[in-house]
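Just below is one structure, and these are the notes that go with it.
Residue numbers (our numbering), protein chains in the order written: chain A, 18 to 305; chain B, 5 to 342.
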């Protein structure tokens, strides 16, 4: 290929153009808006300095509530999604009849969009749980999604149900990369199933755990669709997560400038988490 | 013996988990065939006679405006995905092959942008996309680019006519004539159709290209790095233009990664809710997730219609999965491990 500037920019232009127009410029402008009282209606937009940011940290218990709810949710979900996903991967790699079909089944929830999933589970939690609870006399199955606690666990269950199959696929790929000879050697040396799991399988698929943790953490931090359709943040905003809080600030209260300041904080939090985690996981891999 | 037994036990545990995983969908499906009263009386029972009905489906079909929503979802996901695949492959190719500083900077910018959550962009984006001067500037730029492509075609055709070799026509002559003409023409066409805005289906597709670029370029970039140079060099020596080299030599080699990129983008765009909600939330333009959301708001206590509507909403992607399962699983794996 003749390397000319013209062909370089000719090939790069279309996608770079779209990217700059819909991501880069809005990000920069958004940074600017976060220092204003933009409300989306009035033509007049005033510069308000750091007022929006100060308000986020001092005068907005709703945002702080959403923040801690999201943190709690992310911690629990990362653990449950990866545990279940890893367990599923171990099960379907045992090579029994029908394990391929099972793999396909576990992955199905992942195909369906968050909005549809949230509504589906709203039906399960409110109608089906109730019915099972009545039949078996289990009181704790009553009134799901009507309290903050059941709303929290509802979100955890839906997210785990949806993402576990995805993590399973990642873990399967790396379990299959472990040479059989290693497992056989361990078995001949008398290592039991538990020992083989903790001494061979888990250390060897450490990179997959990095990916799994990274993906599930950023997914659960940014969760929006399921939150909107399953609980809508209710009851009384107790299950509102960060993304939904930003959305409501902008579109329910019409405080777009303020919402943008929250979004910038959201960006910083998400970026810091992703980068730290990536850093530590890479470091650990090198040490191993 | 012990090994066989443990395999049977794992199989049974797996089976139990499989049933548990499918249970919500099963309950949803059986209730979509019951009347409202049937659902009220017992959600777990199979649909049986006085309460069995097929009528939920035609009703939900109508209320969801199903064919139109399905058509919109298909149009938007398929066109966006095709554009993303082709344009990102083109960009990634030059980013790998031109070992210059600009390549690194551009690539790093794409990679870093993956960290930006959508909430951070959405408010200014919607505002910009409905600002006529911004859209006019975008269209003018696109016009200049198209003029650039056309001028290359014109030059190639002219040179063919005049015979190859000596008579070199500077492309910029053609370009100077074409660029303003095309930019103005595009502006006029769009202007004539009313308010200049990108809050419509073509605008949404453009936005998807911008948002899909990062991940797709990273995936293509990683793949192209391992594609040997020899073939491209041979093509260049034979006198292929970069354009022909890309289409006839490089792009066919990218088939597997293109499928991966396509699958990841189709699944994301098909299920996406917030961006369409903010940009094309108008009767006749809505996609399946968007329509489902409003349908649900309207009929939240009508579980007979809602269950049928949800099943219909899920059906297309599940069918897609049944046919392309192998590719989807591979795509997900590659996409995650990137």
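From the three backbone atoms N, C-alpha and C, an ideal C-beta is built for every residue, glycine too.
Taking 8 angstroms as the threshold (beta carbon to beta carbon), is residue 230 of chain B in contact with chain A? Counting from 1 along the second chain, the entry for residue 230 of chain B is found at position 226. Answer no: the Cβ-Cβ gap between residue 230 of chain B and chain A never drops below 8 angstroms.
Using Cβ-Cβ distances below 9 angstroms, what residues of the segment 104-121 of chain A are close to chain B? Cβ contacts with chain B: 104, 105, 107, 108, 109, 111, 112, 113, 114, 115, 116, 118, 119, 120 and 121.
Tell me, please, whether the segment 27-38 of chain B touches the segment 55-71 of chain B by the rule of three or more beta-carbon pairs shorter than 8 angstroms. Enough Cβ pairs lie closer than 8 angstroms, so yes.
Does any C-beta atom of chain A lie closer than 8 angstroms to the C-beta of residue 255 of chain B? Here residue 255 of chain B refers to the residue found at position 251 of the second chain. Taking CB atoms only, residue 255 of chain B has no neighbour in chain A less than 8 angstroms away.
Coil, strand or helix - residue 64 of chain A by DSSP: Within the first chain, residue 64 of chain A is the residue found at index 47, counting from 1. Here residue 64 of chain A sits in strand by DSSP.
Residue 53 of chain A in three-state terms, based on DSSP: Translated into the one-based positions of the first chain, residue 53 of chain A becomes position 36. It is a strand residue.
Expected contact under 8 angstroms - CB spacing of residue 307 of chain B and residue 43 of chain B to nearest Å: Taking the first residue of the second chain as position 1, residue 307 of chain B is located at position 303. Taking the first residue of the second chain as position 1, residue 43 of chain B is located at position 39. 5 angstroms between Cβ atoms; contact.
Residue-chain proximity (residue 318 of chain B, chain A), Cβ-Cβ < 8 angstroms: Sequence index remark: in the second chain, residue 318 of chain B carries index 314 (1-based). Yes, residue 318 of chain B lies at the interface with chain A (some Cβ there is under 8 angstroms from its Cβ).
Quick one: grab the DSSP three-state call for residue 22 of chain A. As a first step, residue 22 of chain A is located in the first chain; it is residue number 5 there, counting from the start. The answer is helix: DSSP assigns residue 22 of chain A an H, G or I state.
List the residues of chain A that residue 303 of chain B touches, going by C-beta distances under 9 angstroms, in chain order. In the second chain, the residue the question calls residue 303 of chain B occupies position 299. Neighbours of residue 303 of chain B across chain A, judged by C-beta separation under 9 angstroms, do not exist; the nearest C-beta is about 11 angstroms away.
Specify the secondary structure class of residue 5 of chain B as computed by DSSP and reduced to three states. Translated into positions along the second chain, residue 5 of chain B becomes position 1. The predicted model places residue 5 of chain B with a pLDDT of 47, which falls under 50 and marks its position as unreliable, so this point remains unresolved.
I want to verify the contact list: residues of chain B whose CB lies under 7 angstroms from the CB of residue 287 of chain A, in sequence order. The residue labelled residue 287 of chain A in the question sits at position 270 within the first chain. For residue 287 of chain A, the chain B residues whose Cβ falls inside 7 angstroms of its Cβ are 119 and 121, in order along the chain.
Answer yes or no: does any C-beta atom of chain A fall closer than 8 angstroms to that of residue 205 of chain B? For this step, residue 205 of chain B is matched to residue 201 along the second chain. The beta carbon of residue 205 of chain B does not come within 8 angstroms of any beta carbon belonging to chain A, so the residue lies off that interface.
Can you tell me whether residue 288 of chain B is buried or exposed? The criterion is at least 16 other CB atoms within 10 Å of its CB, across all chains shown. For the purposes of this step, residue 288 of chain B is identified with residue 284 of the second chain, where counting begins at 1. When all chains shown are included, residue 288 of chain B counts as exposed.
Can you have a look at residue 97 of chain B and say buried or exposed, based on whether 16 or more other CB atoms are within 10 angstroms of its CB? Here the question's residue 97 of chain B lines up with position 93 in the second chain. Residue 97 of chain B is buried by the Cβ-count criterion.
Please list the terminal residues of the continuous alpha helix (DSSP H) segment that includes residue 42 of chain B. As a position in the second chain, residue 42 of chain B is number 38, starting the count at 1. Residue 42 of chain B -> alpha helix (DSSP H) spans 40-45.
Indicate the three-state DSSP secondary structure (helix, strand or coil) for residue 56 of chain B in the structure shown. One-based indexing of the second chain puts residue 56 of chain B at position 52. In the structure shown, residue 56 of chain B sits in a strand (DSSP, three-state: E or B).
Same chain only: Cβ atoms within 6 angstroms of residue 239 of chain B, ignoring 5 sequence neighbours per side: Translated into the one-based positions of the second chain, residue 239 of chain B becomes position 235. Around residue 239 of chain B, the same chain offers 249 and 253 as residues with beta carbons nearer than 6 angstroms, after the five sequence neighbours per side are excluded.
Simplified DSSP assignment, three categories, for residue 257 of chain B: For the purposes of this step, residue 257 of chain B is taken as the residue at position 253 of the second chain. Helix at residue 257 of chain B.
Any beta carbon of chain B sitting closer than 8 angstroms to that of residue 278 of chain A? Reading the first chain from its first residue, position 261 is the one you call residue 278 of chain A. Cβ-Cβ to chain B under 8 angstroms: no for residue 278 of chain A.
Given this structure, state the Cα-to-Cα distance separating residue 317 of chain B from residue 174 of chain A, to the nearest angstrom. Start at 1 with the first residue of the second chain, and residue 317 of chain B comes out as number 313. Start at 1 with the first residue of the first chain, and residue 174 of chain A comes out as number 157. Rounded to whole angstroms, residue 317 of chain B to residue 174 of chain A spans 21 angstroms at the Cα level.
Is residue 1 of chain A helix, strand or coil when you go by DSSP? Lying outside 18 to 305, the shown extent of chain A, residue 1 of chain A is not represented and no answer is given.
Segment limits, alpha helix (DSSP H) that includes residue 116 of chain A: Residue 116 of chain A sits at position 99 when you count from the first residue of the first chain. That run of the alpha helix (DSSP H) goes 116-124.
Can you name the start and end residues of the alpha helix (DSSP H) that residue 277 of chain B belongs to? In the second chain, the residue the question calls residue 277 of chain B occupies position 273. Neither: residue 277 of chain B is in no alpha helix (DSSP H) and is coded neither H nor E.
How about residue 88 of chain B and residue 226 of chain B: do their beta carbons lie closer than 8 angstroms? Taking the second chain and counting its residues from 1, the one referred to as residue 88 of chain B is at position 84. Taking the second chain and counting its residues from 1, the one referred to as residue 226 of chain B is at position 222. Their beta carbons are not under 8 angstroms apart, which means residue 88 of chain B does not touch residue 226 of chain B by this criterion.
Candidates A:199, A:133 and A:230, of which the one nearest residue 216 of chain A by Cα: Counting from one through the first chain, the residue named residue 216 of chain A turns up at place 199. Of all alpha-carbon atoms in A:199, A:133 and A:230, the one lying nearest the alpha-carbon of residue 216 of chain A is that of A:199.
What residues in its chain sit with their C-beta under 6 angstroms from that of residue 138 of chain B, if we drop five residues either side in the sequence? Start at 1 with the first residue of the second chain, and residue 138 of chain B comes out as number 134. For residue 138 of chain B, same chain residues with a beta-carbon under 6 angstroms away, outside a window of 5 residues either side, are 132 in chain order.
Mind checking which residues open and close the alpha helix (DSSP H) that includes residue 70 of chain B? Here the question's residue 70 of chain B lines up with position 66 in the second chain. Note, residue 70 of chain B: alpha helix (DSSP H), 70-101.
Same chain, Cβ closer than 6 angstroms to residue 323 of chain B, neighbours up to 5 away in sequence not counted: What you label residue 323 of chain B is simply residue 319 of the second chain in a count that begins at 1. Closer than 6 angstroms at the Cβ level, and outside the excluded window around residue 323 of chain B, lies no residue.
At least one CB of chain B closer than 8 angstroms to the CB of residue 283 of chain A: is that the case? Translated into positions along the first chain, residue 283 of chain A becomes position 266. Yes - at least one Cβ of chain B is within 8 angstroms of the one on residue 283 of chain A.
Proximal residues to residue 110 of chain B (C-beta, below 7 angstroms), its chain only, five neighbours per side dropped: Within the second chain, residue 110 of chain B is the residue found at index 106, counting from 1. In the same chain as residue 110 of chain B, and ignoring 5 residues on each side of it, the C-beta atoms closer than 7 angstroms to its own belong to 99, in chain order.
Three-state secondary structure (DSSP) at residue 122 of chain B? By 1-based counting over the second chain, the position of residue 122 of chain B is 118. Three-state DSSP puts residue 122 of chain B in coil, outside helix and strand.
In chain A, which residues lie with their C-beta within 7 angstroms of the C-beta of residue 11 of chain B? The residue you call residue 11 of chain B lines up with position 7 of the second chain. What residue 11 of chain B touches in chain A: 111 and 113.
In whole angstroms, give me the CA-to-CA distance for residue 26 of chain A and residue 233 of chain B. For this step, residue 26 of chain A is matched to residue 9 along the first chain. For this step, residue 233 of chain B is matched to residue 229 along the second chain. Roughly 20 angstroms between the two C-alpha positions.
At what residues does the alpha helix (DSSP H) containing residue 272 of chain A begin and finish? To locate residue 272 of chain A, count along the first chain from 1; it is residue 255. Per DSSP, residue 272 of chain A lies in no alpha helix (DSSP H) and is assigned neither H nor E.
Whether residue 18 of chain B touches residue 109 of chain A by CB criterion (8 angstroms): Here residue 18 of chain B corresponds to residue number 14 of the second chain, with the count starting at 1. Here residue 109 of chain A corresponds to residue number 92 of the first chain, with the count starting at 1. In this structure, residue 109 of chain A lies closer than 8 angstroms to residue 18 of chain B by Cβ.
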